[in-house]
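Here is the structure we will look at.
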Amino acid sequence: MNPERLLLITVALWLLTGMRDPFKPQPDLCQSAQLTQWHYQGVVITQHQAKGIVKDAAGTWRRVGVGEVLPAGWRIERITEEEIHLMTGAGCEPQQWQWKREGKQHEAMDSGGSHSVQHTQRAGGKTEARDAGGG
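In the numbering used here, the protein residues as written are 4 to 138.
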């Protein structure tokens, strides 16, 4: 085989295989860059299951459960009050990820410490009970 034919075959193979642009970043099939843009905000726990409440990269609120597959292909493995563990998929780096719960718990709201009656003091020193709704 002469060298010209070998060169022609080599160039034809390169063109047929569709060489990628070396200056263009490789596509992120695992969408690993989005992992840090999701936020675990809360959890609802019932007798049978736990549902995590997360906000995705676009700002959409989602309710997720164990075994559920998210749009990026990630699978929820475990949900606790403190964190959500997920698998990103085969061949992805990192293969496992966890989101820590963010925000404050508002458990004091249900403690019964707030009352619907406010006591206001009038100019004459008299205290009057009034309804919080303005009555």
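Even glycine gets a Cβ: it sits at the ideal position worked out from N, Cα and C.
Contact between Ser35 and Glu96 holds: CB atoms are separated by about 7 Å, below the 8 Å threshold.
For Leu89, DSSP records a beta bridge to Ile79 and Trp100.
If only uninterrupted beta strand (DSSP E) runs of at least 3 residues are considered, those enclosed by the stretch 18 to 81 are 42 to 48, 53 to 58 and 64 to 68. Nearest Cα to Ala93 within the set Thr83, Val14, Ile87 and Gly76: Gly76.
The residue among Trp100, Leu19, Ala53 and Gln44 with its C-alpha nearest the C-alpha of Asp59 is Gln44.
Judged by their CB atoms, Glu86 and Gln101 are nearer to each other than the 7 Å cut-off. Secondary structure at Glu105: coil, using DSSP grouped into helix, strand and coil. Asp24 has its alpha-carbon roughly 16 Å from the corresponding atom of Val14. Spanning the alpha carbons of Leu89 and Ile82 requires a straight line of approximately 9 Å. At a Cβ-Cβ threshold of 7 Å, Gly55 and Val67 count as neighbours.
Per the coordinates, the alpha-carbon of Arg78 lies some 47 Å from the alpha-carbon of Leu10.
Leaving aside the five residues that flank Gly70 on each side, the residues in its chain whose CB is nearer than 8 Å to its CB run, in chain order, Arg78 and Ile79.
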